[in-house]
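This report refers to the structure that appears directly beneath it.
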Amino acid sequence: MIIPWYEAAGDPEAPALVLSSSLGTTTAMWDAVVPALAEHYWVIRYDHRGHGRSPVPAGPYRLDDLGGDVLGLLDHLGLDRVRFAGLSLGGMTGMWLAAHAPERVSSLALLCTSARLGPPETWTDRIATVLSDGTAAIADAALGRWFTPEFRERRPDVAETYRAMLAAQPADGYAACCAAIREMDLTGDLRSITAPTLVISGEEDPVTPPSHGLAIAGRVPGAEMVTVPGASHLAAVERPDEVRAHLLDHFGKD
28 MIIPWYEAAG
38 DPEAPALVLS
48 SSLGTTTAMW
58 DAVVPALAEH
68 YWVIRYDHRG
78 HGRSPVPAGP
88 YRLDDLGGDV
98 LGLLDHLGLD
108 RVRFAGLSLG
118 GMTGMWLAAH
128 APERVSSLAL
138 LCTSARLGPP
148 ETWTDRIATV
158 LSDGTAAIAD
168 AALGRWFTPE
178 FRERRPDVAE
188 TYRAMLAAQP
198 ADGYAACCAA
208 IREMDLTGDL
218 RSITAPTLVI
228 SGEEDPVTPP
238 SHGLAIAGRV
248 PGAEMVTVPG
258 ASHLAAVERP
268 DEVRAHLLDH
278 FGKD
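Per my numbering, the very first residue in the sequence shown carries number 28; after that it's consecutive.
Given below as structure tokens:
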């Protein structure tokens, strides 16, 4: 277990909301939604191990490691129970937490994520590329998955920011997180999740398409699902207004 690097916004006396980012990004992925959320919650966002300003322990990592880091962070901050929203790898971490430490998660939002994301060979090949050539070698391909063509054309500045963000991630840390995804299978855990759960899918997400969200929502008791039109994988960046509204509505019911 490590204590990941984190930052907080809002009133520390307000209910706590933890935000967890995707593979290859940092806390900056949530920049567009944090100000509105911080009006209601103490918002804590953190970098996964191997990413951003968090430590880079030797890999490979397991999802248990990533979930354990969050539990360590909660203990460090003295937080017994939190609302949790995670996108992609962050959503996988959220599912693990809600299933394995249900007393720590009062409400859950899962964005553009999957309970099982194969085939394993895809992740093995990506690990080999990154360890050989660095994260910059996969940046162009990642942008094609993260954002729709229309968004990349309209906001080339944002696309370039995220290209640079991915290229700056430590190759060892990124590859070790890929290994966690390669070995992950949460499908058997979903029915044990008791936290009120919202699943948010991007309509045009090629990585975790709406069918993956439906598979989660169909197994988590009482889960609701919404689809964000015109959004690819990083829906919180591409369609922040819609994502923000869904999160505020969901967590306001808790």
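Cβ atoms here follow ideal geometry from the backbone N, Cα and C, with glycine treated the same way.
- Less than 9 Å divides the Cβ of Trp32 from the Cβ of Gly79.
- At a Cβ-Cβ threshold of 9 Å, Ser141 and Met119 count as neighbours.
- From the listed residues Arg131, Phe174, Pro248, Thr151, the smallest Cα separation to Tyr201 is found for Thr151.
- Approximately 13 Å separates the beta-carbon atoms of Val70 and Ala263; this is outside 8 Å, ruling out the contact.
- Here the region 82 to 99 does not lie against the region 175 to 194, with fewer than 3 beta-carbon pairs under 8 Å apart.
- Each residue's CA atom was taken as its position, placing Gly249 and Ser159 some 44 Å apart.
- According to the DSSP secondary-structure assignment, Leu137 is paired through a beta bridge with Gly113, Val226.
- Between the region 230 to 239 and the region 254 to 261, the count of C-beta pairs closer than 8 Å reaches three or more; the two stretches touch.
- Taking the Cβ atoms as the reference, Ala43 lies roughly 5 Å from Leu106, within the contact range of under 8 Å.
- Residue pairing by DSSP places Leu44 opposite Val70, Arg110 in a beta bridge.
- The Cβ neighbour count for Gly117, taken over all protein chains shown within 10 Å, is at least 16; the residue is labelled buried.
- Shown here for Thr214: same chain residues with a beta carbon closer than 6 Å to its own, the five before and five after excluded, namely Ala142, Arg143 in chain order.
- Residue state for Tyr201 is assigned as helix, using DSSP reduced to three classes.
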